[in-house]
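**Q** For what it's worth, our numbering labels the leading residue of the sequence shown as 3, then goes sequentially.
Sharing a structure with you now.
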Amino acid sequence: MPLRTGSTRRISLLLATVLAAATLTGCGLLELARGYEGTDDRVKDMAALDILDTRPDGAAVARGFGEVDAGCREDSGDVEVYAGRTYTFPGTQAEVSAHYRTAAVRDGWNPDPRASPGEPCFTKEDMTLWIVFRTAERLAEDGHGSRADLTTGAGYSVSIDSYLGSGAAEAGC
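Now the structure itself:
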């Protein structure tokens, strides 16, 4: 039995509304589905953390990364809330690491003893702070185009994540 045109239009409108709601609310639908409350506020709070704007002298926000990238996603049944910034820096990875070792500790973050040597990774409450070094090639592969601004020096991202659910018990690297 074929669907009538009126029914098809109503179903299409309903699906479009659900898709728009999912896009606009970000984690809101995950909250409803999983019972997590406060996810949207958590995203805003993490995006406003001062450590994301801390950078060594000479570092600049990478082209195309003017805003903090923040949101949430489902990961193995838990909800991961994240926030991050990407920078270019004319110096070395060692200089970036040294800057964040000082800045993070000053901001109340603790070096994670489980981190690999030379891996700048810190914890604070239920959050993990990572410094991830980027290459122009990798960013191009991820759809960020040609990255002449990241072919010298140290391109890097400051990333924070936190898990809601069973993963929330242990933040770490």
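Idealized CB from N, CA, C, for every residue including glycine.
1. Flag this pair as touching only if the segment 62 to 76 and the segment 85 to 96 have three or more C-beta atom pairs under 8 Å; answer yes or no.
2. Determine the extent of the beta strand (DSSP E) in which residue 85 is found, giving its start and end residues.
3. Any idea if residue 2 is buried or exposed, counting beta-carbon neighbours within 10 angstroms, 16 or more meaning buried?
4. Can the beta-carbon of residue 124 be found less than 8 Å from the beta-carbon of residue 95?
5. Whose C-beta lies closer than 6 Å to the C-beta of residue 122 among residues of the same chain, with five residues either side of it excluded?
6. Thinking just about the alpha-carbon of each residue, which of 42, 53, 41, 43 is nearest to the one in residue 162?
7. Suppose the cutoff is 6 Å on Cβ atoms and the five residues either side in sequence are ignored; what does the same chain contact list for residue 75 look like?
8. Out of curiosity, what's the CA-to-CA distance linking residue 116 and residue 174?
9. So residue 91 and residue 120 are in contact, right, with Cβ under 8 Å, and what is the actual spacing, rounded?
10. Go ahead and pull the three-state DSSP assignment for residue 19.
11. If you check the beta carbons only, do residue 56 and residue 166 fall under 8 Å apart?
**A** The answer reads as follows:
1. yes
2. 80 to 90
3. No information on residue 2 is available, as it lies outside the stretch 3 to 175 that the chain covers here.
4. no
5. 99, 102, 133
6. 53
7. 82
8. 8 Å
9. Contact flag wrong, Cβ pair sits at about 17 Å.
10. Note on residue 19: pLDDT 34, under 50, position unreliable in the model; the coordinate value appears next. Residue state, collapsed to three classes: helix.
11. no
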